[in-house]
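Numbering (this note's numbering), first residue to last: 53 to 318.
Yeah, the Cβ is synthetic: ideal placement off N, Cα and C, and Gly gets one too.
Quantities reported herein were computed from a predicted structural model and do not represent experimental measurements.
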Amino acid sequence: MAFSIAKLNRLPKEQRDPIYRQLLPPSIFERFRIDPRTLTNEHGEPVVQGVFPPDENFACVEVSHRLGDRDCIFACQVSLDPFMHSVSLDFVVINDIFAERYNVDVDELGRDTLFGTRCRNIYEEIRAMEDGLAPGMVRPGLRLLREFVGCLERFTASIGLKTITLGALYYHNAILWERYGFTYFRGLKLMQRIHREFQPGGALYERLDGSTPFRRRGMEGTVRGRSWAIYDGVLLDAFGEDWDPPKMYKMIGRDYRVNTFPDQVY
């Protein structure tokens, strides 16, 4: 394949940076008083940073409120998916850094939970869940995902590609990406099965037995509730298989109108 992210990274800074800057939602600059020309905040600090390895197939851009902040306002990493000939969104993080923080990313000893795969901080997870957050969130978001998808499409088009791919780390991520026009390369049948089995009498519904704070009856009715139960391992208990992040994709300008949770409440 002629194109590569590494080649883009090796461009002169004055050519490269405007291309990657397309990934940044414009409303962030106004909301957090960041100069879009100098990329500095009102204190003169350079708060827009990028990582562009000249020999690697990825690039990352990040926006902070102040230098040294624990959490960023926005960060995303993109790479090239050679199989799909697409831009791969490796991750995106959007934080309301003025809102309360929930330390779900570290346990009581300060060790990284690795998204709950190595260990968990149950106390902080319960706090986050009861305050309306979904799994994996350390702060509320900024409701910028729709705007960001537009930015991602413009970036993809500007480098001559037509497709965006990503992995949905959590159930609620998959549902949100559905809302913004994505469909499934892998995982649609699992998502449909999850919806079916959360109906009264279904295997997942029956596991909402109050055995943990994340398996309460009524959680089947919301995206966040289902996502917490799945994060807590309800799929493994019901099906003998754990959550396998779906692979999703979107063609630029196309909305596939997939909805695996009809009449959903987030």
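- Secondary structure in the segment 140 to 221: the beta strand (DSSP E) runs of 3 residues or longer, each lying completely within the stretch, are 215 to 219 in chain order.
- Residue pairing of Met300 in beta bridges, as defined by DSSP: Leu218, Tyr236.
- The beta-bridge partner set that DSSP reports for Ser138 consists of Asp133.
- By a beta-carbon distance limit of 8 angstroms, Phe234 does not contact Tyr318. Their separation comes to about 16 angstroms.
- Membership of Phe81 in the alpha helix (DSSP H) is indicated by the continuous run 78 to 83.
- By the C-beta density criterion, Gly184 is exposed, having fewer than 16 other C-beta atoms within 10 angstroms.
- Per DSSP, the unbroken beta strand (DSSP E) holding Gln101 starts and ends at 100 to 103.
- Membership of Phe291 in the alpha helix (DSSP H) is indicated by the continuous run 286 to 291.
- Here DSSP, grouped into helix, strand and coil, assigns Val113 to strand.
- The C-alpha of Arg206 lies about 14 angstroms from the C-alpha of Thr217.
- Non-local beta-carbon contacts of Tyr236 in its own chain, meaning distances under 6 angstroms to residues more than five positions away in sequence, involve Pro298, Met300 in chain order.
- Exposed is the label assigned to Phe143, since fewer than 16 other Cβ atoms lie within 10 Å of its Cβ.
- Restricting attention to Val310, Gly270, Arg259, Leu213, the CA atom closest to the CA of Leu288 is found in Arg259.
- When C-alpha distances from Leu213 are compared across Gly219, Val139, Gly262, the shortest belongs to Val139.
- Taking a 10 Å sphere around the C-beta of Leu161, we find fewer than 16 other C-beta atoms and assign the residue as exposed.
- Beta-bridge partners of Ala127 (DSSP): Glu114, Val145.
- Contact annotation, Ser210 with Ile71: C-beta distance approximately 6 angstroms; criterion of less than 8 angstroms satisfied.
- By the criterion of at least three beta-carbon pairs nearer than 8 angstroms, the segment 121 to 134 is in contact with the segment 144 to 152.
- Asn155 is the residue among Pro314, Asn155, Gly168, Met303 whose C-alpha sits nearest the C-alpha of Arg179.
- Taking a 10 Å sphere around the C-beta of Phe84, we find 16 or more other C-beta atoms and assign the residue as buried.
- Straight-line measurement puts the Cα of Pro252 at about 24 angstroms from the Cα of Glu230.
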